[in-house]
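Student:
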Amino acid sequence: MLDKFRALRAEHAAVSAAGRDPFGVTFDAVLSATEAVLDGRRVLLLGTNNYLGLTFDPASIEASVAATRAQGTGTTGSRIANGTYDGHAALERRLARFLGRRSAMVFTTGYQANLGALSALAGRGDHLLLDADSHASIYDGARLAGAQVTRFRHNDPDDLRRRLRHLASQPGEKLIVVEGIYSMLGDTAPLREMVAAKREAGAWLLLDEAHSLGVLGENGRGLAEAEGVEPEIDFVVGTFSKSLGAIGGFLASDLDGFDALRLSARAYMFTASLPPSTVASVTQAIDAMEANPHLRDRLRRNGQQLHAGLAAAGFALGAMPSPIVSLPMPDRETAVMFWNHLLAEGVYANLALGPATPGGRPLLRMSVSAVLTPAQIEAAVTAIARVGRSLGLAGVPLAAE
Amino acid sequence: MGLRTGDASMLDERAALREITAALQESGKLTAPVTMDTRILQDLNFDSVGAIDFIMLLETRLDTIIPMDRMAEIETVGDLVRVLTRPDAAAA
Chain A
1 MLDKFRALRA EHAAVSAAGR DPFGVTFDAV LSATEAVLDG RRVLLLGTNN
51 YLGLTFDPAS IEASVAATRA QGTGTTGSRI ANGTYDGHAA LERRLARFLG
101 RRSAMVFTTG YQANLGALSA LAGRGDHLLL DADSHASIYD GARLAGAQVT
151 RFRHNDPDDL RRRLRHLASQ PGEKLIVVEG IYSMLGDTAP LREMVAAKRE
201 AGAWLLLDEA HSLGVLGENG RGLAEAEGVE PEIDFVVGTF SKSLGAIGGF
251 LASDLDGFDA LRLSARAYMF TASLPPSTVA SVTQAIDAME ANPHLRDRLR
301 RNGQQLHAGL AAAGFALGAM PSPIVSLPMP DRETAVMFWN HLLAEGVYAN
351 LALGPATPGG RPLLRMSVSA VLTPAQIEAA VTAIARVGRS LGLAGVPLAA
401 E
Chain B
1001 MGLRTGDASM LDERAALREI TAALQESGKL TAPVTMDTRI LQDLNFDSVG
1051 AIDFIMLLET RLDTIIPMDR MAEIETVGDL VRVLTRPDAA AA
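Chains as they are written, first to last, in my numbering: chain A, 1 to 401; chain B, 1001 to 1092.
1. Quick check for students: name the residue ranges of the alpha helix (DSSP H) that lie wholly in the stretch 1018 to 1068 of chain B, counting only runs of 4 or more.
2. Kindly identify the DSSP beta-bridge partner or partners of asparagine 350(A).
3. Is it the case that the stretch 255 to 264 of chain A contacts the stretch 50 to 67 of chain A, given that we only count it when at least three CB pairs across the two stretches are under 8 angstroms?
4. List the residues that DSSP assigns as beta-bridge partners of aspartate 208(A).
5. Using a Cβ cut-off of 7 angstroms, pull out every chain A residue sitting near isoleucine 1065(B), in sequence order please.
6. Consult DSSP for lysine 174(A) and reduce its assignment to one of helix, strand or coil.
7. For leucine 207(A), which option in Ala89(A), Arg192(A), Ser322(A), Thr283(A) has the closest C-alpha, if you only look at C-alpha atoms?
8. At 3 residues or longer, what runs of the beta strand (DSSP E) sit wholly inside the stretch 6 to 44 of chain A?
9. Tell me which residues share the same chain as arginine 20(A) and place their Cβ nearer than 8 angstroms to its Cβ, disregarding the 5 neighbours each side in the sequence.
10. For a quick check, are the C-beta atoms of serine 134(A) and glutamate 200(A) less than 8 angstroms apart?
11. Using DSSP with H/G/I as helix, E/B as strand and the rest coil, what is proline 328(A)?
12. CB-CB under 7 angstroms to threonine 271(A), same chain, minus the five flanking residues each way: which ones, in chain order?
13. Select from the stretch 350 to 369 of chain A all residues with a C-beta closer than 7 angstroms to any C-beta belonging to chain B, and list them in chain order.
14. Below 8 angstroms between beta carbons is the criterion; list the residues of the stretch 1036 to 1052 of chain B that meet it against any residue of chain A, in chain order.
15. Applying a beta-carbon distance threshold of less than 7 angstroms, which residues of chain A neighbour aspartate 1069(B)?
16. Let me know the alpha helix (DSSP H) ranges lying completely inside the stretch 104 to 185 of chain A, each 4 residues or longer, listed in chain order.
17. Please classify leucine 160(A) as buried or exposed, where buried requires at least 16 neighbouring CB atoms within 10 angstroms.
18. Just to confirm before moving on: does the CB-CB distance between threonine 150(A) and proline 1067(B) stay below 8 angstroms?
19. Looking at C-beta atoms only, is the number of pairs between the stretch 267 to 282 of chain A and the stretch 31 to 46 of chain A that lie closer than 8 angstroms three or more?
20. Does serine 407(A) pass the burial test, meaning 16 or more other C-beta atoms within 10 Å, or should it be called exposed?
21. Quick one: grab the DSSP three-state call for threonine 73(A).
22. Along chain B, which residues have their Cβ under 7 angstroms away from the Cβ of arginine 403(A)?
23. To which residues of the same chain is methionine 194(A) closer than 6 angstroms at the C-beta, ignoring the five residues directly before and after it?
24. Cα separation between valine 1077(B) and glycine 388(A)?
25. Using a threshold of 8 angstroms, state whether the C-beta atoms of histidine 127(A) and glutamine 148(A) are closer than that.
26. Would you tell me roughly how many angstroms separate the C-alpha atoms of glutamate 227(A) and valine 215(A), rounded to the nearest one?
27. Answer with yes or no whether the minimum CB distance from alanine 203(A) to chain B is below 8 angstroms.
28. Indicate whether the contact test is met: 3 or more Cβ pairs, each with one atom in the stretch 358 to 371 of chain A and one in the stretch 316 to 334 of chain A, closer than 8 angstroms.
29. My guess is that leucine 205(A) and aspartate 234(A) are in contact by the Cβ rule of under 8 angstroms, so how many angstroms apart are they, rounded?
30. List the DSSP bridge partners of leucine 251(A).
31. Report the three-state DSSP secondary structure of alanine 291(A) (helix, strand or coil).
32. In terms of alpha-carbon separation, which member of Asp1047(B), Met1036(B), Ile1074(B), Thr1031(B) lies closest to alanine 1015(B)?
33. Excluding sequence positions up to five away, which residues of its chain have a Cβ less than 8 angstroms from the Cβ of glutamate 290(A)?
34. Go ahead and label glycine 248(A) buried or exposed: buried means 16 or more other beta carbons lie within 10 angstroms of its beta carbon, across all protein chains shown.
35. Spatial neighbours of arginine 1004(B) within its chain, please: C-beta separation below 8 angstroms, excluding the five flanking residues on both sides.
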């Protein structure tokens, strides 16, 4: 039964043989949004998606504890059975108000939000048009959808237009799916051009703001807000497991008849709902996100500091400064070595290997948090530069050191 | 040069094979003559990501699209030729 994983096991063993298993890191303790203990040593967390640092927001923790005491540890049921409490409904209203949308529905994870949304929205006879660098949850949702799936080149509105043109004569709805910030490289979608392509073709547009909620836009509503195109976005998907510091996902829209999705999105219907503790912390975290716009400024500055520091250290960086900074690695062996050496220097980053990465190229992926201090980032840059230099990857004089 | 809009649906097998060969050359994967039996992953040394990128390159050259659900049918160059030449293959 498991023989088919022989090659995968061999590959995993080869990656782990160079040091630690990068996909099996177990922290002894997590001390804060920016530090953990690993094998008795403090490490700086530079790969968490904890963009606003709200995992340790005191009010969110208190709300979570109070909800557990009042309502128990779990709902033991799905949203369409016994698993909808007043908190779930209130969170959906709160989220809709924050996003300026008529309706929102909450899923148990962000992965399930895409799975449920895409499979329910795009049925047999419809068309899904996915950016080639889409997250696995989008691809998996598309596989469940029954719709014909077409990929277009990453962030290429002309390629999207070309494909829409080919599909123009075919019946069925066309749903385009793009992401606000792409998780591997931190680049953003050219959203206005995507919107223009959508309008020309009479298609629909779903925007996944998983990495951009709380990060982009004056009020943190994401890329659509930043680009001034919110009315053109038909469906917004997002997660609570990044800037809101918990777990869960959502789908929001202004369309009439939205509630039919509650009876058709299987990833919503056939799984237990979020526990009261998470519902409470997320609701409180939305308040914190709204009340603390300075966190977004600090996040932006931190991303710029890391980006500038690494550029000065001689690393070739792709995307513009964002909370995600990725270093392209020449090959898998070097990537694994870099990751291990960096951890030995006390910095945890993400090792990202193909096929999860654009073009299957290995990456050392980092993401900053608003609550990292300039000194922590400087220390991280110094460590990364040292490792890069030892592996011959940081080519020019190390101005950051 | 690739074919122009609409031509993809009229491709015959030889033309499709010619285009595939040219696309392989463009992507630096043409190390030996390609036949209908050439296996895309094993013989051309593509990984799964590279293979999909190659298909996208081919789609652009031929100004056509190959839906993702047809990808599962494609193991050899011959399979790819058939997908490209069957009228319902591409949505063109």
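Glycine included, every Cβ here is placed at the ideal spot set by N, Cα and C.
Tutor: With the structure as the only source:
1. 1048 to 1062
2. Arg365(A)
3. no
4. Glu179(A), Val237(A)
5. Thr150, Arg163, His166
6. strand
7. Arg192(A)
8. 35 to 38
9. Asn340, Leu343
10. no
11. strand
12. Ser78, Thr108, Gln112
13. Gly354, Pro355, Gly359, Gly360
14. Asp1047, Ser1048, Val1049, Gly1050, Ile1052
15. Gln148, Val149
16. 110 to 121, 136 to 145, 157 to 167
17. buried
18. yes
19. no
20. What the structure shows of chain A is the stretch from 1 to 401, and residue 407(A) is not part of that stretch, so it cannot be assessed.
21. coil
22. Lying outside 1 to 401, the shown extent of chain A, residue 403(A) is not represented and no answer is given.
23. Pro157, Val178
24. 41 angstroms
25. yes
26. 13 angstroms
27. no
28. yes
29. 5 angstroms
30. Met105(A), Val237(A)
31. helix
32. Met1036(B)
33. Phe98, Asn219, Gly220
34. buried
35. Interpretation of arginine 1004(B) is limited by its pLDDT of 37, a score under 50 that renders its predicted location unreliable; the figure taken from the coordinates is listed afterwards. Asp1063.
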